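Worksheet for the structure shown next.
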Amino acid sequence: MRALLFPLHKVSYQAILKKPLNIFEPRYIHMIHEAEKTNTPVALAYATLQDADDEADTIAINHEKYHAVKRMVGLGRVQILQKSKDGTMLVVLEPLFKGLIMDVYNEELPYNTIEVDPITEFLTVMPEHMISLQRLGLLFRHWAKSFFKNQVEYDALMEATQDPVVLVGAITEFVVTSPDLKQGILEIDDINAKIDVLLEWLD
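Residue numbers (numbering that gives the first Met the number 0): 0 to 202.
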């Protein structure tokens with residue numbers, strides 16, 4: 000599948016929750032308009048200043064600052080929420096799926112276009128992980144009480160995170176502070192393994 004690449008330094012996207020983004024560079028303003036017009040997915044990729052490295056599972060891109068991005072990315076559909084007179088915009092990525100970058104195209108555009116293979120994840124929590132899942136839920140509830148002061152927002156989040164997939168994504172997005180750990184969790188394909196990693200980090 001063809002997608003448009005939005006590289007951000009040490010930022011990854013779990014493609015489970017909506018992701019707000021401020022777009023201000025002219026090339027990416029153009030890219031967002033193209034994505035909206037053609038309904039093309041946008042891949043938010045963890046960008047690095049280092050050269051591409053097979054061991055680090057990165058791939059080279061055409062960019063004056065970032066030399067490579069992690070191959071594993073989250074993809075979403077663009078929804079433009081707000082446009083300013085100077086062209087800058089606030090957009091949100093509506094989650095689609097996780098994918099692996101297979102190739103970077105040379106299309107003579109000011110931004111990168113890529114070929115992405117969707118990744119199928121194992122999303123069933125096994126019986127032996129149910130207690131760990133419940134503990135994650137309690138830890139997240141405690142954290143959210145101090146973070147979300149708006150009761151309506153808090154209640155909506157608690158309802159959404161009854162879904163284990165959303166719970167894992169929310170903890171990764173909101174609670175985990177390490178960019179490398181966020182990316183590492185994205186690269187895990189089994190929700191049970193993600194639960195183990197998150198619980199170890201939170202404890």
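Beta carbons are placed, not taken as given, at the ideal position from N, Cα and C, and that holds for glycine.
Given the structure is predicted, the values throughout are model-derived calculations rather than measurements.
- Message: For a quick check, are the C-beta atoms of residue 19 and residue 44 less than 7 angstroms apart?
- Response: In the sequence shown, the residue the question calls residue 19 occupies position 20. In the sequence shown, the residue the question calls residue 44 occupies position 45. Taking 7 angstroms as the Cβ cut-off, residue 19 and residue 44 do not qualify as a contacting pair.
- Item | Exposure of residue 145, with buried meaning 16 or more beta-carbon neighbours within 10 Å | Mapped onto the sequence shown, residue 145 falls at position 146. Residue 145 should be labelled exposed.
- Nearest CA to the CA of residue 66: which residue from 56, 48 and 52? Locating residue 66 in the sequence shown gives position 67, counting from the first residue. Selected option, being the one with the closest Cα: 48.
- Query: Near residue 33, which residues of its chain fall below 8 angstroms by C-beta distance, leaving aside the five closest residues on each side in sequence?
  - Reply: Your numbering for residue 33 matches position 34 in the sequence shown. 3 and 39, listed in sequence order.
- Query: Excluding sequence positions up to five away, which residues of its chain have a Cβ less than 6 angstroms from the Cβ of residue 87?
  - Reply: For the purposes of this step, residue 87 is taken as residue 88 along the sequence shown, with counting starting at 1. Apart from the 5 residues on each side of it in sequence, residue 87 sits with its Cβ closer than 6 angstroms to the Cβ of 23 in its chain, given in chain order.
- Task: Measure from the alpha carbon of residue 195 to the alpha carbon of each residue in 133, 149 and 178, then state which is nearest.
- Result: For the purposes of this step, residue 195 is taken as the residue at position 196 of the sequence shown. Of the candidates 133, 149 and 178, the one whose C-alpha sits nearest the C-alpha of residue 195 is 133.
- Query: So what does DSSP say about residue 65, is it helix, strand or coil?
  - Reply: For the purposes of this step, residue 65 is identified with residue 66 of the sequence shown, where counting begins at 1. Three-state DSSP puts residue 65 in coil, outside helix and strand.
- Task: Check whether the segment 101 to 117 touches the segment 162 to 175, taking contact to mean three or more Cβ pairs, one atom from each stretch, closer than 8 angstroms.
- Result: no
- Message: So, does the segment 123 to 131 touch the segment 66 to 76, judging by three or more C-beta pairs under 8 angstroms?
- Response: no
- Give the C-beta separation of residue 172 and residue 74 to the nearest angstrom, bearing in mind that I take them to be a contact with Cβ-Cβ under 8 angstroms. Within the sequence shown, numbered from 1, the residue matching residue 172 stands at position 173. Within the sequence shown, numbered from 1, the residue matching residue 74 stands at position 75. Wrong, their Cβ atoms sit about 15 angstroms apart, outside the cutoff.
- Message: Helix, strand or coil for residue 146? Go by DSSP, reduced to three states.
- Response: Reading the sequence shown from its first residue, position 147 is the one you call residue 146. Here DSSP, grouped into helix, strand and coil, assigns residue 146 to helix.
- Message: Check for me: the beta strand (DSSP E) holding residue 116 runs from which residue to which?
- Response: Taking the first residue of the sequence shown as position 1, residue 116 is located at position 117. 112 to 117 is the extent of the beta strand (DSSP E) around residue 116.
- Counterpart residues of residue 21 in DSSP-defined beta bridges: As a position in the sequence shown, residue 21 is number 22, starting the count at 1. According to DSSP, residue 21 bridges with 89.
- Message: Beta-carbon within less than 8 angstroms of residue 29's beta-carbon, same chain only, minus the 5 sequence neighbours each way: which residues are those?
- Response: To locate residue 29, count along the sequence shown from 1; it is residue 30. Cβ within range, chain order: 109 and 110.
- Message: Using the three-state DSSP reduction, which class does residue 16 fall into: helix, strand or coil?
- Response: Here residue 16 refers to the residue found at position 17 when the sequence shown is read from its first residue. If DSSP states are grouped into helix, strand and coil, residue 16 belongs with coil.
- Message: Which residues does DSSP list as the beta-bridge partners of residue 76?
- Response: Mapped onto the sequence shown, residue 76 falls at position 77. In the DSSP output, where bridge partners are listed per residue, residue 76 has 93.
- For the alpha helix (DSSP H) that residue 51 lies in, which residues bound it at each end? Along the sequence shown, read from residue 1 onward, the residue named residue 51 stands at position 52. Segment: none, residue 51 is in no alpha helix (DSSP H) and carries neither H nor E.
- Taking the Cβ atom as the reference point for each residue, do residue 93 and residue 76 lie within a distance shorter than 7 angstroms? Against the sequence shown, residue 93 aligns to sequence position 94. Against the sequence shown, residue 76 aligns to sequence position 77. It is a contact, given that the beta carbons lie within the stated cut-off.
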